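Asks: Under the numbering used here, the letters of the sequence shown match residues 171 to 311, in that order. Where is the CB? At the ideal position from N, CA and C, for every residue including glycine. As the structure is a prediction and not an experimental result, all values here were calculated from the model. Take this structure, written in structure tokens, and hold onto it; I'll ask about it next.
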Amino acid sequence: MMTETTPRAAAEALVGAYYAAFNAGDRAAMCALLAADVAHDVNQGGRRIGLPAFRAFMAQMDAAYEERLEDIVVMADATGTRAAAEFVVVGRYLRTEPGLPEARGQAYRLPAGAFLAIADGKIARVTTYYNLQDWIAQVSA
171 MMTETTPRAA AEALVGAYYA AFNAGDRAAM CALLAADVAH DVNQGGRRIG
221 LPAFRAFMAQ MDAAYEERLE DIVVMADATG TRAAAEFVVV GRYLRTEPGL
271 PEARGQAYRL PAGAFLAIAD GKIARVTTYY NLQDWIAQVS A
């Protein structure tokens with residue numbers, strides 16, 4: 171008996187695969203799930219467009235932070251064009267970023283979430299949110 175995958179299930183699987191690739195440190199696999207013109211809305215920052223900008227952002231993040239995501243919950247709408255994820259970022263601050271506290275390998279645990287748009291089987295937009303003041307307080311303690 172064949173079961174048909176619903177748009178919602180396909181979207182949830184796509185987003186789940188994206189975050190699994192993040193946790194595996196497999197940036198190539200992450201990028202393979204993104205549209206070429208992906209819009210990436212950085213928390214309290216600007217919008218970056220395209221895979222080259224996304225790759226550059228990830229390289230910068232990987233140099234300054236060691237992170238994994240826990241307690242990931244993915245939800246999608248019935249059309250499979252919108253999804254959301256809630257998770258906890260567990261990390262260490264490795265390299266000082268401009269305008270942020272000095273990095274000394276501080277550990278942090280930060281609730282976060284993301285909204286995603288999906289088109290043609292790829293993630294077309296990623297908008298990430300977390301409480302920056304909470305993170306600053308944790309790494310400043």
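Look at the alpha carbon of Y235 and the alpha carbon of D247, and state the distance between them as a whole number of angstroms.
Replies: Here residue 235 refers to the residue found at position 65 when the sequence shown is read from its first residue. Here residue 247 refers to the residue found at position 77 when the sequence shown is read from its first residue. Spanning the two alpha carbons is a distance of roughly 32 Å.
Asks: Which class does R178 belong to by DSSP, given the choice of helix, strand or coil?
Replies: By 1-based counting over the sequence shown, the position of residue 178 is 8. Looking at R178 - three-state DSSP - the assignment turns out to be helix.
Asks: So, helix, strand or coil for Q230, using DSSP?
Replies: Within the sequence shown, numbered from 1, the residue matching residue 230 stands at position 60. Helix at Q230.
Asks: Are the beta-carbon atoms of Y188 and I293 separated by less than 8 Å?
Replies: On the sequence shown, residue 188 is found 18 positions in, with the first residue counted as 1. On the sequence shown, residue 293 is found 123 positions in, with the first residue counted as 1. Cβ distance < 8 Å, so Y188 and I293 count as in contact.
Asks: Determine the DSSP secondary structure at D207, reduced to helix, strand or coil.
Replies: Translated into the one-based positions of the sequence shown, residue 207 becomes position 37. D207 falls in the strand class under three-state DSSP.
Asks: Is it true that the CB of T251 sits closer than 8 Å to the CB of A287?
Replies: Residue numbering aside, residue 287 sits at position 117 when the sequence shown is read from its first letter. Residue numbering aside, residue 251 sits at position 81 when the sequence shown is read from its first letter. Yes. Within cutoff.
Asks: Strictly by DSSP, which residues pair up with M245?
Replies: For the purposes of this step, residue 245 is taken as the residue at position 75 of the sequence shown. Bridge partners of M245: A254.
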